[in-house]
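Visitor:
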Amino acid sequence: MLDEENIVDPSHPRYNSLMIRKKIADAGVKGMLADSAMIAHGRGEAYDYLLGERTIPSAMIATKEAVARLVNAERPVISLNGNAIALAGADFLTLASQLGCPVEINIFYRTPERMGSLIGHLKMLNSKLELDVEILGGIPDERIPGLEGPRGACQSNGIFNSDTILVPLEDGDRCEALVAMGKEVLVIDLNPLSRSSRKCTVGIVDEVTRVTKNMIQLIPEKPNVSDFDNSKNLQAALDHIIDNLSDKFN
Ligand code: ATP
Ligand code: MG
Numbered sequence: 072m073l074d075e076e077n078i079v080d081p082s083h084p085r086y087n088s089l090m091i092r093k094k095i096a097d098a099g100v101k102g103m104l105a106d107s108a109m110i111a112h113g114r115g116e117a118y119d120y121l122l123g124e125r126t127i128p129s130a131m132i133a134t135k136e137a138v139a140r141l142v143n144a145e146r147p148v149i150s151l152n153g154n155a156i157a158l159a160g161a162d163f164l165t166l167a168s169q170l171g172c173p174v175e176i177n178i179f180y181r182t183p184e185r186m187g188s189l190i191g192h193l194k195m196l197n198s199k200l201e202l203d204v205e206i207l208g209g210i211p212d213e214r215i216p217g218l219e220g221p222r223g224a225c226q227s228n229g230i231f232n233s234d235t236i237l238v239p240l241e242d243g244d245r246c247e248a249l250v251a252m253g254k255e256v257l258v259i260d261l262n263p264l265s266r267s268s269r270k271c272t273v274g275i276v277d278e279v280t281r282v283t284k285n286m287i288q289l290i291p292e293k294p295n296v297s298d299f300d301n302s303k304n305l306q307a308a309l310d311h312i313i314d315n316l317s318d319k320f321n
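In the numbering used here, each residue carries its 1-based index in the sequence shown increased by 71.
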């Protein structure tokens with residue numbers, strides 16, 4: 072048990088944020104994360120602070136659009152890295168089960184130990200939730216073109232042959248490589264300025280645990296695909312941040 076568990080008081084005004092931070096810290100202790108995971112999380116936290124730590128209207132529009140594209144996809148897949156599994160592993164499995172699609176673990180710094188720990192964690196959640204979601208990533212047999220080293224490894228029955236891919240907290244490089252493969256790439260990233268947000272098909276500027284909850288609610292509604300304009304929607308997120316900031320001292 073980490074110290075935070077005893078320190079975080081539910082009446083703290085930023086309790087949710089502190090509990091989310093604790094999930095990352097706990098997953099780190101279990102060997103699920105690379106050392107840089109906390110840095111990526113911290114960058115996300117900074118943007119969430121600027122957004123007001125809530126789902127803004129443009130994020131809800133993007134979430135609905137992403138759900139529409141996942142529901143209408145022929146071969147959807149959910150790509151998961153360590154932070155996504157640590158923060159929302161159970162909800163991603165629920166989502167995959169609703170969509171009838173696999174999840175594939177695709178991590179930036181791949182070691183057998185980390186892969187084993189992440190697969191084990193998802194298997195534990197699968198049985199706890201009484202789900203039977205296919206968990207891929209353990210035996211890669213294909214490569215994402217243009218990505219050198221272990222981070223390009225993927226599976227033919229998952230990411231490689233998917234037409235639509237949900238990628239939370241993705242590195243910009245890999246996002247670009249997936250778009251270049253002709254896939255619809257749906258990104259969850261709190262930073263509207265990241266390369267992932269800018270290069271993807273649909274960028275959801277929101278915190279991953281809020282997004283998964285919203286998606287689970289939206290799936291039964293089966294929303295329709297629209298002619299979504301990603302740049303315009305990212306601009307709306309930036310405008311929201313600027314308005315939020317300029318209100319602060321007035
Ligand atoms: P890019 O490679 O796309 O330019 P980056 O190098 O700044 O982005 P990475 O570390 O590659 O960032 O990817 C992590 C991204 O995930 C960051 O943009 C960060 O804002 C985002 N992020 C971190 N934690 C969360 C979270 N809990 N929910 C949503 N997004 C998050
Ligand atoms: Mg990056």
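Where is the CB? At the ideal position from N, CA and C, for every residue including glycine.
Is Gly217 near the ligand MG, going by C-beta to nearest heavy atom under 7 Å?
Guide: For this step, residue 217 is matched to residue 146 along the sequence shown. Flag unset: Cβ of Gly217 not near the ligand MG.
Visitor: Have a look at Asp97 and Val296 and give me their C-alpha separation to the nearest angstrom.
Guide: Indexing the sequence shown from 1 puts residue 97 at position 26. Indexing the sequence shown from 1 puts residue 296 at position 225. Computed Cα separation, rounded: 38 Å.
Visitor: Our contact map puts Ala108 next to Ile95 with C-beta atoms below 8 Å; I'd like the distance itself, whole angstroms only.
Guide: Along the sequence shown, read from residue 1 onward, the residue named residue 108 stands at position 37. Along the sequence shown, read from residue 1 onward, the residue named residue 95 stands at position 24. Taking a contact as a CB-CB distance under 8 Å, the pair Ala108 and Ile95 counts as one, their CB atoms being some 6 Å apart.
Visitor: How would you call Ile178, buried or exposed, if buried means at least 16 neighbouring beta carbons within 10 angstroms?
Guide: Position 107 of the sequence shown, counted from the first residue, corresponds to residue 178. It is buried - the Cβ of Ile178 has at least 16 other Cβ atoms within 10 Å.
Visitor: Out of curiosity, what's the CA-to-CA distance linking Glu124 and Pro173?
Guide: Position 53 of the sequence shown, counted from the start, is the residue given in the question as residue 124. Position 102 of the sequence shown, counted from the start, is the residue given in the question as residue 173. Spanning the two alpha carbons is a distance of roughly 30 Å.
Visitor: Using a strict less-than 5 Å threshold between each residue's beta carbon and the heavy atoms of the ligand ATP, what residues do you get?
Guide: Ala111, His112, Arg114, Gly115, Leu240, Asp242, Gly243, Asp260, Leu261, Asn262, Ser265, Arg266, Ser267, Glu278 and Val279
Visitor: Can you tell me which of the three DSSP states Leu73 falls into?
Guide: Along the sequence shown, read from residue 1 onward, the residue named residue 73 stands at position 2. With a pLDDT of only 49 at Leu73, under the threshold of 50, the placement of this residue in the model should not be trusted; the figure read from the coordinates follows. In the structure shown, Leu73 sits in coil (DSSP, three-state: anything other than H, G, I, E or B).
Visitor: In terms of residues, what are the limits of the beta strand (DSSP E) holding Ser57?
Guide: Not covered by the structure: residue 57. The range shown for the chain is 72 to 321.
Visitor: To test your reading of the DSSP string, which unbroken beta strand (DSSP E) runs of 3 or more residues are found completely within the segment 272-296?
Guide: 273-275
Visitor: What do you reckon, are the CB atoms on Ser325 and Val258 nearer than 8 Å?
Guide: In the structure displayed, the chain extends from 72 to 321; residue 325 sits before or after that span and is not available.
Visitor: Counting beta carbon pairs with one atom in the segment 222-232 and one in the segment 125-144, are three or more of them shorter than 8 Å?
Guide: no
Visitor: Which residue marks the beginning of the beta strand (DSSP E) containing Ile236, and which one marks its end?
Guide: As a first step, residue 236 must be located in the sequence shown, where it is residue number 165. That run of the beta strand (DSSP E) goes Thr235 to Pro239.
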